[in-house]
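Presented below is the structure to which this report refers.
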Amino acid sequence: QKMGGCSSQSCHHCFFEYETERMIVVKSKVVGSVFRLIQFLILFYVIGYVCVVQKSYQETDSVVSSVTTKVKGTGFTNTSDLGARVWDVADYNIPPQGESSFFVLTNMIVTPNQTQSTCPELPNQSTICMSDSDCLEGSNDVRGNGIQTGLCMNYSETVKTCEVLSWCPLEIDINLPEHALLVAAEDFTVLIKNSVTYPKFNFHKRNILPDVNSSYLKQCEFNRKTDPDCPIFRLKDMVSEAEEDFQTMAIRGGVLGIMIDWNCDLDWPEHYCGPKYSFRRLDNKIPENNVAPGYNFRFAKYYKTTDGRETRTLIKAYGIRFDVIVFGTAGKFNMVPTIVNVGAALTFLSLVSSLSFSVNAVCNWFLLTCTKRRDYYSKHKFTYLDNIDDNAGEPLGETTYGTR
Amino acid sequence: QKMGGCSSQSCHHCFFEYETERMIVVKSKVVGSVFRLIQFLILFYVIGYVCVVQKSYQETDSVVSSVTTKVKGTGFTNTSDLGARVWDVADYNIPPQGESSFFVLTNMIVTPNQTQSTCPELPNQSTICMSDSDCLEGSNDVRGNGIQTGLCMNYSETVKTCEVLSWCPLEIDINLPEHALLVAAEDFTVLIKNSVTYPKFNFHKRNILPDVNSSYLKQCEFNRKTDPDCPIFRLKDMVSEAEEDFQTMAIRGGVLGIMIDWNCDLDWPEHYCGPKYSFRRLDNKIPENNVAPGYNFRFAKYYKTTDGRETRTLIKAYGIRFDVIVFGTAGKFNMVPTIVNVGAALTFLSLVSSLSFSVNAVCNWFLLTCTKRRDYYSKHKFTYLDNIDDNAGEPLGETTYGTR
Amino acid sequence: QKMGGCSSQSCHHCFFEYETERMIVVKSKVVGSVFRLIQFLILFYVIGYVCVVQKSYQETDSVVSSVTTKVKGTGFTNTSDLGARVWDVADYNIPPQGESSFFVLTNMIVTPNQTQSTCPELPNQSTICMSDSDCLEGSNDVRGNGIQTGLCMNYSETVKTCEVLSWCPLEIDINLPEHALLVAAEDFTVLIKNSVTYPKFNFHKRNILPDVNSSYLKQCEFNRKTDPDCPIFRLKDMVSEAEEDFQTMAIRGGVLGIMIDWNCDLDWPEHYCGPKYSFRRLDNKIPENNVAPGYNFRFAKYYKTTDGRETRTLIKAYGIRFDVIVFGTAGKFNMVPTIVNVGAALTFLSLVSSLSFSVNAVCNWFLLTCTKRRDYYSKHKFTYLDNIDDNAGEPLGETTYGTR
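Protein sequence lines, in the order shown, are assigned to chains A, B and C. Positions 99 to 502 (this note's numbering) are the ones given, in order, by the first sequence. Positions 99 to 502 (this note's numbering) are the ones given, in order, by the second sequence. Positions 99 to 502 (this note's numbering) are the ones given, in order, by the third sequence.
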């Protein structure tokens, strides 16, 4: 453009020139209407969808977040192993502090007073034996319970199994209580404090809004209708919103996601940007394609006897792990994506005219009389210049029409 | 473009044609200057802002990171509960290993020798009673300390409260020490090892730079001016950079963010890409809209007496949790965003000529003499062809001027 | 475009007009071929690279993930400190449950029966003394082992060091076992359950695919060729894929990343979207620029003696921390990025014609005869209109050629 025009001028003259394309204006009701309609549709699309819905004029940033949680509540159990017992947060919240995840024990299998000694393995396909020759000393099955000693011992009156060196007595985990032991866990509450940052926009906010005072916070409980700003959640309510039954989930345990959505449009004032809570069960509760359904892990409390020997209480802890998952994208107006997106959409505007012309040419193809008109327009739109390189030296003819 | 031109030719001829728009060049000092100025501004914007500042010619990727931390230091306390005592990392770093977060105990309330038994509740609105009828057996307040037995007992000489089954004696947490117990915590140091990856670009790097040797690392301490490459940070320095006082923060605890920014331009050599450390307090220290200000959690150490009964020491641990937050985006030149962004900006260049023309037309509207010129230019820019569809069969007239 | 054409018409007429640029068609084999070739290359680039490879017509979203892990296996050690001992998951998996990270103890230095008392410091540059005056009471070196008492004691027959108040006897960690103690750790297995979400597309999936049944899961082990869908991984296999030797890494410990890549094209059916596992060592194993190579941390087990005094066993635990790192981006067709990217690429198509013209002009510059042709084309491409503002009122001349 500039280059062609300037090549025959000096730069000084060149600077003061201004180029624009020559246009043909076709006065035609049909073609003109179609053309305007397509232009309007594209403009509407650019403004309506690209700008308003997709917000493509904005620059984006991902959220950076920090979470603290604090569980409150006590529960009561009465079992043959442990007797009548009260459980408080130091007992059921294992480990005592995590980053954005907290665990609440709801059910358990307890094996107290384990010591390092030898005892017969639990009976299964690979451990049942007839004599010592069936057992291999030093054998260590990953799915087993210890190191085999090579002896075949009586497990019970009816079956013999290979003896192992392990923490004895072994844990028998097939008889999980039918109902979760810590029934009161559904009424426990958790205070979630979440602080987010969008570094690119230097934006900081917390989920406890500035206008909420501390006396309200000391007694409130989250409720979507009555208390949507309260950061204290009852465990049962969260599980219910995820369309699960707390007591059912509590038997084998599970993983519940507490999603905090911080998607914000920072072109609006800051107080419009707030957390949106939702809850989803994250683990697979379908037993058919699941190994170890639910959620459990083993931990132990270690003690020393008076004679200095170590004993432990092994606890297979079933419970619900709550993962606080914070995500979000912030958008803010920025010239660059605006130019990119609006510019690209406008490219389509300028292409539309060519498209319409072709549509017109195609649809007129079938009308005999329009053949003339197509040529007529072609003449006006297109000026044909013959081969430039083939006829070196000879004066070049023109095949343009309609301009004389 | 191609379609219209080719419709009257065979494909063979079509292939060897080359189309370009016809242009009008207006020699006008005013309009030409304005036009060139707008072109220059857009070019400058494209190069200066889009390319250099916003780096929109680059493809981006988000950081994937792994962190390990190791705290060092010992502290000394002398309290009535525990006596003279030294605290080392196994004592104050709870839990002993985390992923990218570590906790340092600075203050505590210790309730030793708790056992499962019954005792009167702590007095408050809902626990004070006159007689047994004020207490409901089995009642379990989430904010309470155990399961009520139904009896009303003397809490002290002046007040009676409902008795609970719980870990007794109950914790009395209203008398938090005025000064943090573990004063020496401010001099503890933490070694932070951070390994990052940008999977899309197959880029890996660590925060301990390759040119730093191990004898330096054994004794250095991070300092922005003198030792910016040392990955060992003094806790007090980090808290100070976040504009907080360590000892004040240590009384009730808090959460400090250690931000590691890995924003990198991978078009530059690899050694330009490094970690940028910054520190921010993440929890809300304003007590007015805060429940449980600071940061604390409860944990217990469990013991067994000689007669097999379980006792525990409950510790309400206040301290500073340090969250290592790694974020960043890498950019690298890629043809696709370059084409997209530069292409879109260039669209604006071509639109400018139309804009200038309209500006010229509008501003000339008020000058009577310019009416002639506007028409003059219109004639040259626009060639009008009359209704094509209305006059089927009749020869079409032309209303083009200035080309004869 | 619209504006210029409409300025001399009423809006009604304006609506039914349709504008398109006037084009010159140059019939030239050379220039035409070059032009078509460049057009073809750009189209090929747009379709082949922008669309197929880069998928720039898609809108993207980042993965939101939740992970649970469960380690299985037992190991056997026989040391002077602890005797013959079996280790199960409650013993070596510290802490017992984490979020997406799990630790397996492979080597250790055990210091049993520590009590709060005084003993001489370990000898080094800053602790060796001749007399009490060399030791400062209350001095507390961050890299030291306790609070100095001010006395200079015999550490051994040959050297004297300053006495400290600390957990005595002090840990001596220079004699790390040459081979990892828990050799069997390489055969332990871990079950990884990973649940991912792409919130923008409401897409949820787990790494245990729906068609895998639970009896298969109870006995399978991940193998890239034979069992790529099994979520149970043998520790040794994972370390080998990261090109490390398990037993070597197990001596001082390390950090292994288990990357789960969920990059998906959601325009394809859902079952095409699955996890891709890879393994990388994340810590720096090069000792030259490393402080505390490998991975270790200290923790303690606390006990109470019959007279109520607290003792502890300090364990410096070396082992491999496995970080499950889930990342990924999902793409799905969306009109907006399609318009943006395709539109921008098409802008280049229209610019190509101007580029070709200039290329032609430049290359013809050197051919004397072509000077005529360049002017010839210039005449047809460019219509020059003289200064509009300088000659107010006078009839404007034209310097256009070739249109008569």
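Beta carbons are placed, not taken as given, at the ideal position from N, Cα and C, and that holds for glycine.
Member of the options whose CA lies at the smallest distance from the CA of residue i
{"i": "A/Asn-311", "options": "A/Glu-284, A/Pro-329, A/Asn-300 and A/Tyr-296", "result": "A/Pro-329"}
{"i": "A/Val-169", "options": "B/Asp-405, B/Arg-379, B/Arg-419 and B/Phe-395", "result": "B/Phe-395"}
{"i": "C/Cys-227", "options": "C/Phe-397, C/Lys-258 and C/Val-353", "result": "C/Lys-258"}
{"i": "B/Ala-398", "options": "B/Arg-183, B/Ser-199, B/Trp-265 and B/Thr-225", "result": "B/Trp-265"}
{"i": "C/Val-357", "options": "C/Leu-234, C/Ile-349, C/Ser-198 and C/Phe-344", "result": "The sequence shown places Met at residue 357 of chain C, not Val. Of the candidates C/Leu-234, C/Ile-349, C/Ser-198 and C/Phe-344, the one whose C-alpha sits nearest the C-alpha of C/Met-357 is C/Ser-198."}
{"i": "B/Asn-243", "options": "A/Leu-249, A/Phe-174, A/Ile-270 and A/Val-240", "result": "A/Phe-174"}
{"i": "A/Tyr-190", "options": "A/Leu-333, A/Leu-203 and A/Leu-180", "result": "A/Leu-203"}
{"i": "A/Ser-224", "options": "A/Leu-180, A/Cys-260, A/Gly-248 and A/Ile-290", "result": "A/Cys-260"}
{"i": "A/Phe-286", "options": "A/Val-187, A/Glu-339 and A/Phe-138", "result": "A/Val-187"}
{"i": "A/Phe-420", "options": "A/Cys-233, A/Asp-363, A/Cys-371 and A/Val-165", "result": "A/Val-165"}
{"i": "C/Gly-429", "options": "C/Leu-315, C/Lys-298, C/Glu-319 and C/Ile-136", "result": "C/Lys-298"}
{"i": "B/Ser-215", "options": "A/Val-184, A/Pro-193, A/Met-206 and A/Gln-214", "result": "A/Val-184"}
{"i": "C/Pro-373", "options": "C/Thr-409, C/Val-294, C/Thr-213 and C/Ala-282", "result": "C/Val-294"}
{"i": "A/Tyr-253", "options": "A/His-277, A/Leu-263 and A/Leu-220", "result": "A/Leu-220"}
{"i": "B/Leu-249", "options": "B/Asn-238, B/Pro-267 and B/Ser-229", "result": "B/Ser-229"}
Exposed unless 16 or more other CB atoms sit within 10 angstroms - verdict on residue i
{"i": "C/Thr-209", "result": "buried"}
{"i": "B/Gly-236", "result": "exposed"}
{"i": "C/Glu-341", "result": "exposed"}
{"i": "A/Thr-427", "result": "buried"}
{"i": "C/Asn-321", "result": "exposed"}
{"i": "A/Ser-451", "result": "Below a pLDDT of 50, predicted positions are generally treated as unreliable, and A/Ser-451, at 49, falls in that range; the measurement from the model is reported next regardless. Classification for A/Ser-451: buried."}
{"i": "A/Arg-241", "result": "exposed"}
{"i": "A/Met-433", "result": "exposed"}
{"i": "A/Gly-406", "result": "exposed"}
{"i": "C/Leu-135", "result": "exposed"}
{"i": "C/Pro-194", "result": "buried"}
{"i": "C/Tyr-370", "result": "exposed"}
{"i": "C/Asp-343", "result": "exposed"}
{"i": "A/Glu-284", "result": "buried"}
{"i": "A/Glu-319", "result": "exposed"}
{"i": "C/Leu-465", "result": "Low local confidence applies: a pLDDT of 37 at C/Leu-465 is under 50, so the model's placement there is unreliable, and no value is given."}
{"i": "C/Ser-177", "result": "At residue 177 of chain C the sequence reads Thr, which differs from the Ser that was named. It is exposed - the Cβ of C/Thr-177 has fewer than 16 other Cβ atoms within 10 Å."}
Those residues which DSSP pairs with residue i across a bridge
{"i": "A/Phe-420", "result": "A/Phe-200 and A/Leu-354"}
{"i": "B/Gly-163", "result": "Checking the sequence shown, residue 163 of chain B turns out to be Ser, not Gly. For B/Ser-163, which the question treats as bridged, DSSP gives the partners B/Val-294."}
{"i": "A/Val-169", "result": "A/Val-288"}
{"i": "C/Ile-245", "result": "C/Leu-263"}
{"i": "C/Met-251", "result": "C/Thr-259"}
{"i": "C/Gln-214", "result": "C/Trp-265"}
{"i": "B/Gly-181", "result": "B/Thr-177"}
{"i": "B/Tyr-401", "result": "B/Thr-409"}
Near the ligand PLP: residue i beta-carbon under 8 Å from a heavy atom
{"i": "B/Pro-308", "result": "Among the ligands in the structure shown, none appear at all, so the ligand PLP cannot be discussed."}
Using a beta-carbon distance cut-off of less than 7 Å, what residues from the segment 186-200 of chain B approach chain C? Asp-186, Val-187, Ala-188, Pro-193, Pro-194, Gln-195 and Glu-197
Where in the segment 256-332 of chain A do unbroken runs of the beta strand (DSSP E), each at least 3 residues long, occur, reported from the N-terminal end onward? 258-266, 287-296, 301-304 and 330-332
Interface positions of the segment 351-377 of chain A facing chain C (Cβ-Cβ less than 8 Å), listed along the chain: Val-353, Gly-355, Met-357 and Asp-359
In chain order, what residues of the segment 209-227 of chain B put their CB closer than 7 Å to some CB of chain A? Gln-214
Relative to chain B, which residues along the segment 387-403 of chain C have a C-beta separation below 9 Å, given in chain order? Asn-387, Asn-388, Val-389, Ala-390, Pro-391, Tyr-393, Asn-394, Phe-395, Arg-396, Phe-397, Ala-398, Tyr-400, Tyr-401 and Lys-402
According to a CB-to-CB cut-off of less than 8 Å, which residues of the segment 275-290 of chain C neighbour chain A? Of all residues in the segment 275-290 of chain C, Ala-282, Asp-285, Phe-286, Thr-287 and Leu-289 have a Cβ within less than 8 Å of some Cβ in chain A.
Positions along the segment 302-314 of chain C whose CB lies within less than 7 Å of some CB in chain A: Arg-304, Ile-306, Pro-308, Val-310, Asn-311 and Ser-312
Residues of the segment 317-344 of chain A in Cβ contact with chain B at a cutoff of 7 Å, in chain order, please. none
Chain B contacts from the segment 410-422 of chain C (Cβ-Cβ distance under 7 Å): Leu-412 and Asp-421
Please identify, using Cβ separations under 9 Å, the residues of the segment 255-266 of chain B that lie next to chain A, in order along the chain. Val-262, Leu-263, Ser-264 and Trp-265
Give, in chain order, every residue of the segment 234-246 of chain A whose Cβ lies closer than 9 Å to some Cβ of chain C. Gly-236, Asn-238, Asp-239, Val-240, Arg-241, Gly-242, Asn-243, Gly-244 and Ile-245
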